[in-house]
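S.K.: Letter by letter, the sequence shown follows residues 1 to 263 in this note's numbering.
Ideal Cβ positions, reconstructed from N, Cα and C, are used throughout, including at glycine.
None of these values were measured; they are calculated from a predicted model.
Below are the structure tokens for one structure; questions will follow.
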Amino acid sequence: MKQPSIFISHGAPSIVIDQSPASFAVMELARQLERPDAIIVASAHFETNVIEVVSDPHPETMHDFGGFDPRLYEMKYTAPGNPQLAQIIIDRFADAGLKAKGNARRPYDHGVWTPLMLAFPEADIPVVQVSVQPNDDAAHHYAVGQALAGLRNNNVLVVGSGHITHNLFSVFNAMRYQKVDMQMKAKVEDFVNWVDHRLVSNDKAALLEWETNAPYAHENHPSNEHFLPLFVAYGAGGDAPKSTLLHRSTQYEIFTSDIWRFD
Numbered sequence: 001m002k003q004p005s006i007f008i009s010h011g012a013p014s015i016v017i018d019q020s021p022a023s024f025a026v027m028e029l030a031r032q033l034e035r036p037d038a039i040i041v042a043s044a045h046f047e048t049n050v051i052e053v054v055s056d057p058h059p060e061t062m063h064d065f066g067g068f069d070p071r072l073y074e075m076k077y078t079a080p081g082n083p084q085l086a087q088i089i090i091d092r093f094a095d096a097g098l099k100a101k102g103n104a105r106r107p108y109d110h111g112v113w114t115p116l117m118l119a120f121p122e123a124d125i126p127v128v129q130v131s132v133q134p135n136d137d138a139a140h141h142y143a144v145g146q147a148l149a150g151l152r153n154n155n156v157l158v159v160g161s162g163h164i165t166h167n168l169f170s171v172f173n174a175m176r177y178q179k180v181d182m183q184m185k186a187k188v189e190d191f192v193n194w195v196d197h198r199l200v201s202n203d204k205a206a207l208l209e210w211e212t213n214a215p216y217a218h219e220n221h222p223s224n225e226h227f228l229p230l231f232v233a234y235g236a237g238g239d240a241p242k243s244t245l246l247h248r249s250t251q252y253e254i255f256t257s258d259i260w261r262f263d
């Protein structure tokens, strides 16, 4: 069985208890996929200078957030790790000329467990986490994805978990004042539309230079860590994948949640 690769906008931790279009879309994912034998997740909330691959056989659940519903802090995602797969991944990175090391003790951050709890609530599929490197560029993360692409042939699902737009300052202002920032809305729409067209047309060269080429790149991503998992998923899709937008919804018309599938 060959799996696709997926990019998920994982939203706030409350996605697991909210009844929102985004949460329903993540829940629907499992019904659109054959059951994988394992899942690899590159999470925006696992930031390192060098690629780290988690070999923990039984990762704990990290509640790496504050000020949310108390129910969230009681939740645990108990899916096992897979040390054997972790070593295979490290070896693939080495073969691709990418420096990587194992991490024997790393809990699931909310970029991992909140979307997986919605999509695979039974928590019975092994998960291996891979870090992102905010000091490296999109091309590096695309290469990370390419190194993982062959594992899809072994029924391994590759997931990039981040966000298609992530200007939290604008989001918090919109929440505080209950008012849409129309200028920011236009910048979000221009950016998202640019990404759409480049993914669908497989304009890899433009995408890998997104910080220069995309309109309002910095306004949508003041820091890059939530956009980098897109390139892991895109690279894992193969040399010229079919890019399919599975879901788009927005909060306050500026916090956009996309789910993309790459085959």
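Where does Met184 land, buried or exposed, given buried means 16+ other C-beta within 10 angstroms?
M.R.: Buried, since its Cβ has 16 or more Cβ neighbours within 10 Å.
S.K.: Exposed or buried, Gln19, counting other C-beta atoms within 10 Å across all chains shown (16 or more means buried)?
M.R.: Under this definition Gln19 is an exposed residue.
S.K.: If you check the beta carbons only, do Val127 and Val112 fall under 9 Å apart?
M.R.: Yes, Cβ-Cβ distance for Val127 and Val112 is below 9 Å.
S.K.: Would you report the Cα separation of Ala38 and Asn155, rounded to the nearest angstrom?
M.R.: In a straight line, the C-alpha of Ala38 is about 7 Å away from that of Asn155.
S.K.: Measuring alpha carbon to alpha carbon, tell me which of Ala240, Val180 and Leu207 ends up nearest Asn193.
M.R.: Selected option, being the one with the closest Cα: Leu207.
S.K.: Excluding the 5 residues preceding and the 5 following Pro80 in the sequence, name in chain order all residues of the same chain whose CB lies nearer than 7 Å to its CB.
M.R.: Taken in chain order, the residues that qualify are Pro57, His58 and Pro126.
S.K.: Where are the beta strand (DSSP E) runs, 3 residues long or more, that stay fully inside the segment 89-165, in chain order?
M.R.: Whole beta strand (DSSP E) segments, 3+ residues: 100-103, 127-132 and 156-162.
S.K.: Go to Arg198, then tell me how far its alpha helix (DSSP H) extends in each direction, as first and last residue.
M.R.: Where Arg198 is concerned, the enclosing alpha helix (DSSP H) stretches over Met182 to Val200.
S.K.: Residues in the same chain with beta-carbon distance under 6 Å from Ser9, minus the five sequence neighbours each way, listed in chain order, please.
M.R.: Here the set comprises His163, Ile164, Ser257 and Asp258.
S.K.: Could you give the DSSP three-state label for Val50: helix, strand or coil?
M.R.: Coil at Val50, not helix or strand.
S.K.: In chain order, what residues of the same chain lie with their CB nearer than 7 Å to the CB of Arg71, ignoring the 5 residues before and after it?
M.R.: Contacts found: Ile17.
S.K.: Hey, which unbroken runs of the alpha helix (DSSP H) at 4 residues or more fall wholly within the segment 4-62?
M.R.: Complete alpha helix (DSSP H) runs here, min 4: 21-32.
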